[in-house]
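>
Chains as they are written, first to last, in my numbering: chain A, 10 to 420; chain B, 10 to 420.
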């Protein structure tokens, strides 16, 4: 997703003279390098980026059009922590869906997407010398955010064979006097794992026992398949003072480009993170906050338009997940995989001897014209895997697998 | 602009246990404290916050409505450095207005307002031990951004009596082996100064001679009164490798709430700052980029709708500046001031013996119901001044001064 110049640095040494270490030591991840390489290959089909094919629903867009026509405050700064009426709807939503009682005035703020909330949280509680426990594999942006804060990511391998389960003992054993936080995304990017209530309660107990912050990235919290339950760390009252929950409107309402999300934490933490929010953003885009307000009102309200949209979205993505798994089943000589329970990623292991994830991703790109993301960018245990997104339409997913099968028959 | 909880910290010790030093040592500025105190006083008139009374013009809003109805990409992530067509229009604009030739693909990126560009620039080139030269008084958010990057702001007093002129010798004398950058805003918040070409060329020479970064905040670059010229450091070719220019759509098109601006710098710097942009924002809001595109097309295009809007805006604000100065003239027993040449701020000195800026601001708030900002928050030489914004309507400006005069007659 970066531009030509950044990608000139692929295979070229950067000139970091005069650049702060916190930035110089971040490397541009493979997630962003692959689309740039792909932009030079005509006619690709993408299983790469995590952008679903759906548009922002019209009930949200029409509400924004109404505000553009009739609300003179639509173009002006909102209050720095967000529109008060939006924060009230967020609190209602959290109460209804996660069973947590939130003070909208002091325990929430509206951010420029979950990314700003996460980056702000990490910059607020992590500094040089601090260690952050994260699962491996893990979303590469979390790694960048920890490095930006000059912290050290400590990778705790997931148990792949048991569906990318959390290994609580390994988390506990990885704790040192420098451990400051645990960072977790569930449903998870890149594995599609959804951690069970029991796993999350055990990990929360580690955080409470050792007084660690628990930073939860819940961007995909609504997106769980096969009617499995989703359990949120926000639902654990004992964790309240340690929890920093980061949420997004991007995936639930197909609003990735609007850049609006929110943070739920104790008022003490919100106060501190708002300093970072003030320095980087002033406020989340007011127009996007109006869109989020329309989305939540349609979801919290009686007519259920928001819920119907979400159900349809989950059902569509479940169908795409099923197509993806069916197609992977016929490629068992190349991939072995754990069936995703949530999000829209699958993270198959490459079973071909001696074929690295980068080699395979490049072969699929240049020989099959299919974009995939090599797993190495997601932490040490990502090696030997590819991340495939099934956000694309079923037609595109099938086209991509047709090409992979055709390529595999020649391989 | 913060919430109840943050302002509970006014006069109360914060609990910063476990908070990173980069955040713990930022204090919430008076600019943001005053509106919160004011929110408890009914019926205030504000000369406080820098938000002009105008709405985003309808030619921009109608173009966004069109995109919401007919463009399916409006709700999706843009490319991380921004919409390519927007970057092309920005390059055209910079060529036309500042006479600088910019490669839109490698030397620009679109940010979540000038604030994100500034915070990202500072986090990219400043780290612990680095000193940043800034004028005093200075916009308080710059100070927060430097502290966030663990740099040291070094305040170089402006020459108030000569219209808040730059003191180039003082800048040169303030340089130490740890000096890394000069940060400058022109037209300036909070003084309304507009630095002359000669001043800026001299300061740029200091940056080039000593290989310092020059970070330019040009959020008000269009807003200069009395047909004075505006000179941009971007117009100095020798400065190119040292310059990081930060620009905004917020003030020029009354788009404060849209959170969209941009950075112009060498491709080497853009590459590095994009890492921070990726970690904090992913991309600027796509819908706001569409709004910015409509704004610039109307300005770069032949029919001149954008230019007409800007001329009308500048004329209106010049009239408000004149009203403000007229009213200040009748308060010469309380204030002495330098007439603003740009932006929409005046920074009068309090000439009443023994009356501090905080005392006066609180008296005006509680006894006259007029919101002003005490000068101490703008650096050491801000003491003994108030910042007054003349972004409000002439009716409100006159109402505020009526109240101040009435209060002064009793004082």
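Quick reminder that beta carbons are idealized off the backbone N, C-alpha and C, glycines included.
1. Any C-beta of chain B within less than 8 angstroms: which residues of the stretch 145 to 162 of chain A qualify?
2. Which residues mark the beginning and the end of the beta strand (DSSP E) in which residue 221 of chain B is found?
3. What separation, rounded to the nearest whole angstrom, lies between the Cα atoms of residue 225 of chain A and residue 315 of chain B?
4. Report the option in B/95, B/403, B/141, B/102 whose CA atom is closest to the CA atom of residue 120 of chain B.
5. Suppose contacts are defined by Cβ-Cβ distances below 7 angstroms. Is residue 127 of chain A in contact with residue 144 of chain A by that definition?
6. For the structure I just gave you, are there three or more beta carbon pairs, one from the stretch 251 to 268 of chain B and one from the stretch 298 to 305 of chain B, closer than 8 angstroms?
7. Could you give the DSSP three-state label for residue 35 of chain B: helix, strand or coil?
8. Can you tell me whether DSSP reads residue 189 of chain B as helix, strand or coil?
9. What in chain A is Cβ-close to residue 87 of chain B, meaning under 8 angstroms?
10. Short of 9 angstroms Cβ to Cβ, which residues in the stretch 263 to 293 of chain B face chain A?
11. Are the stretch 78 to 95 of chain B and the stretch 290 to 299 of chain B touching, with three or more C-beta to C-beta distances below 8 angstroms?
12. Pairs of beta-carbons, one from the stretch 90 to 109 of chain B and one from the stretch 241 to 259 of chain B, closer than 8 angstroms: are there three or more?
13. Taking C-alpha atoms, which residue in A/163, A/323, A/188, A/218 lies nearest to residue 61 of chain A?
14. Looking only at C-alpha atoms, which of A/340, A/361, A/419, A/313 sits nearest to residue 410 of chain A?
15. Identify the contact partners of residue 378 of chain B in chain A, using a Cβ-Cβ distance below 9 angstroms as the criterion.
16. Thinking just about the alpha-carbon of each residue, which of A/237, A/198, A/233 is nearest to the one in residue 387 of chain A?
17. Would the C-beta of residue 76 of chain A count as close to the ligand NAD, meaning under 6 angstroms from any of its heavy atoms?
18. Using a Cβ-Cβ cut-off of 7 angstroms, state whether residue 12 of chain B counts as contacting chain A.
19. Going along the chain, which residues of its own chain have a beta-carbon closer than 7 angstroms to the beta-carbon of residue 285 of chain B, five neighbours each way excluded?
20. Just how far apart, CA to CA, sit residue 64 of chain B and residue 146 of chain B?
21. Is there a C-beta anywhere in chain B that falls below 7 angstroms from the one on residue 121 of chain A?
22. Label residue 419 of chain A either buried or exposed according to how many other C-beta atoms from any shown protein chain fall within 10 Å of its C-beta, with 16 as the threshold for buried.
23. Counting Cβ pairs closer than 8 angstroms, one from the stretch 323 to 337 of chain A and one from the stretch 398 to 409 of chain A, do we hit at least three?
24. When we look at the beta-carbon of residue 50 of chain A and count the other beta-carbons within 10 Å, is it buried (16 or more) or exposed?
25. State the Cα-Cα distance for the pair residue 11 of chain B and residue 288 of chain A, rounded to the nearest angstrom.
26. Going by CA-CA distance only, name the one from A/250, A/267, A/174, A/415 that's closest to residue 348 of chain A.
27. Quick one: grab the DSSP three-state call for residue 396 of chain A.
28. Jot down the residue ranges of each uninterrupted alpha helix (DSSP H) in the stretch 150 to 183 of chain B, minimum 4 residues, whole runs only, in chain order.
29. Between the stretch 300 to 327 of chain A and chain B, which residues of the former have a C-beta closer than 7 angstroms to a C-beta of the latter?
30. Roughly how many angstroms lie between the CA atoms of residue 171 of chain A and residue 384 of chain A, to the nearest whole one?
31. Please list, in chain order, all residues of the same chain as residue 353 of chain B whose beta carbon is under 6 angstroms from its beta carbon, the five residues on each side excluded.
32. Would you call residue 41 of chain B buried or exposed, if buried means 16 or more other Cβ atoms sit within 10 Å of its Cβ?
33. Which one of A/416, A/371, A/392 has the shortest CA to CA distance from residue 57 of chain A?
34. Can you check which of these residues, A/93, A/27, A/362, is closest to residue 137 of chain B by C-alpha distance?
35. Please state whether DSSP places residue 245 of chain B in a helix, a strand or coil.
36. If we count the other Cβ atoms within 10 Å of its Cβ and call it buried at 16 or more, is residue 178 of chain B buried or exposed?
Let me lay it out:
1. Of all residues in the stretch 145 to 162 of chain A, 150, 153, 154, 157, 158 have a Cβ within less than 8 angstroms of some Cβ in chain B.
2. By one-based count along the second chain, residue 221 of chain B stands at place 212. Segment: none, residue 221 of chain B is in no beta strand (DSSP E) and carries neither H nor E.
3. By 1-based counting over the first chain, the position of residue 225 of chain A is 216. By 1-based counting over the second chain, the position of residue 315 of chain B is 306. So the two alpha carbons sit approximately 44 angstroms from each other.
4. The sequence position of residue 120 of chain B within the second chain is 111, counting from 1. Ranking B/95, B/403, B/141, B/102 by CA distance to the CA of residue 120 of chain B puts B/95 first.
5. Here residue 127 of chain A corresponds to residue number 118 of the first chain, with the count starting at 1. Here residue 144 of chain A corresponds to residue number 135 of the first chain, with the count starting at 1. It is not a contact, given that the beta carbons lie outside the stated cut-off.
6. A contact exists between the stretch 251 to 268 of chain B and the stretch 298 to 305 of chain B.
7. Here residue 35 of chain B corresponds to residue number 26 of the second chain, with the count starting at 1. Coil, per DSSP.
8. Working through the second chain from its first residue, we reach residue 189 of chain B at position 180. Here residue 189 of chain B sits in strand by DSSP.
9. Taking the second chain and counting its residues from 1, one reaches residue 87 of chain B at position 78. The contacting residues are 266.
10. Of all residues in the stretch 263 to 293 of chain B, the ones placed with a Cβ closer than 9 angstroms to any Cβ belonging to chain A are 263, 264, 265, 266, 267, 268, 269, 276, 277, 278, 279, 280, 281, 282, 283, 284, 285, 287, 288, 289, 290, 291, 292, 293, in chain order.
11. When Cβ pairs closer than 8 angstroms are counted between the two stretches, the stretch 78 to 95 of chain B is seen to touch the stretch 290 to 299 of chain B, the count reaching three or more.
12. By the C-beta criterion, the stretch 90 to 109 of chain B is judged to be in contact with the stretch 241 to 259 of chain B, since at least 3 inter-stretch pairs fall below 8 angstroms.
13. Numbered from its first residue, the first chain carries residue 61 of chain A at position 52. The shortest C-alpha separation from residue 61 of chain A is found at A/323.
14. Your numbering for residue 410 of chain A matches position 401 in the first chain. Out of A/340, A/361, A/419, A/313, the CA that lies nearest to the CA of residue 410 of chain A is found in A/340.
15. For this step, residue 378 of chain B is matched to residue 369 along the second chain. Counting only Cβ-Cβ distances below 9 angstroms, residue 378 of chain B has no contacts in chain A at all, with the closest Cβ about 21 angstroms away.
16. One-based indexing of the first chain puts residue 387 of chain A at position 378. The shortest C-alpha to C-alpha distance from residue 387 of chain A to any of A/237, A/198, A/233 is the one to A/198.
17. The ligand NAD is not part of this structure, which contains no ligands at all.
18. Here the question's residue 12 of chain B lines up with position 3 in the second chain. With a pLDDT of 33 at residue 12 of chain B, under the threshold of 50, the predicted position of this residue should be treated as unreliable, though the coordinate-derived value follows. Judged by the 7 angstroms Cβ criterion, residue 12 of chain B is in contact with chain A.
19. Within the second chain, residue 285 of chain B is the residue found at index 276, counting from 1. If we look at residue 285 of chain B and ignore the five residues flanking it on each side, its Cβ neighbours are 129, 132, 133.
20. By 1-based counting over the second chain, the position of residue 64 of chain B is 55. By 1-based counting over the second chain, the position of residue 146 of chain B is 137. C-alpha separation (whole angstroms): 30 angstroms.
21. Numbered from 1 along the first chain, position 112 holds the residue referred to as residue 121 of chain A. Closer than 7 angstroms: yes.
22. As a working note, residue 419 of chain A is residue 410 in the first chain. By the neighbour-count rule (16 or more Cβ atoms within 10 Å), residue 419 of chain A is not buried but exposed.
23. A contact exists between the stretch 323 to 337 of chain A and the stretch 398 to 409 of chain A.
24. By one-based count along the first chain, residue 50 of chain A stands at place 41. Residue 50 of chain A counts as exposed, since fewer than 16 other beta carbons sit within 10 angstroms of its beta carbon.
25. As a working note, residue 11 of chain B is residue 2 in the second chain. As a working note, residue 288 of chain A is residue 279 in the first chain. Only weak support is given to the placement of residue 11 of chain B: the predicted model assigns it a pLDDT of 32, under 50, and the value that follows is read from those uncertain coordinates. Cα-Cα distance, rounded: 12 angstroms.
26. What you label residue 348 of chain A is simply residue 339 of the first chain in a count that begins at 1. When each option's Cα is compared against that of residue 348 of chain A, the closest is A/174.
27. Translated into positions along the first chain, residue 396 of chain A becomes position 387. Looking at residue 396 of chain A - three-state DSSP - the assignment turns out to be strand.
28. As far as the stretch 150 to 183 of chain B is concerned, its whole alpha helix (DSSP H) runs of at least 4 residues are 177 to 183.
29. Answer in chain order: no residues at all.
30. Residue numbering aside, residue 171 of chain A sits at position 162 when the first chain is read from its first letter. Residue numbering aside, residue 384 of chain A sits at position 375 when the first chain is read from its first letter. Distance from the CA of residue 171 of chain A to the CA of residue 384 of chain A, rounded to the nearest whole angstrom, comes to 19 angstroms.
31. Position 344 of the second chain holds residue 353 of chain B. So the list reads 326, 398, 399, 400, once near-sequence residues are dropped.
32. Here residue 41 of chain B is taken as the residue at index 32 of the second chain, counted from 1. By the beta-carbon neighbour count (other beta carbons within 10 angstroms, threshold 16), residue 41 of chain B is buried.
33. As a working mapping, residue 57 of chain A is identified with position 48 in the first chain. The option with the nearest alpha carbon to residue 57 of chain A is A/371.
34. Taking the first residue of the second chain as position 1, residue 137 of chain B is located at position 128. Taking the Cα of residue 137 of chain B as reference, the smallest distance to any Cα among A/93, A/27, A/362 is reached at A/27.
35. Taking the second chain and counting its residues from 1, the one referred to as residue 245 of chain B is at position 236. Look at residue 245 of chain B here: in three-state DSSP terms it is coil, with no helix or strand label.
36. The residue given as residue 178 of chain B occupies position 169 in the second chain. Under this definition residue 178 of chain B is an exposed residue.
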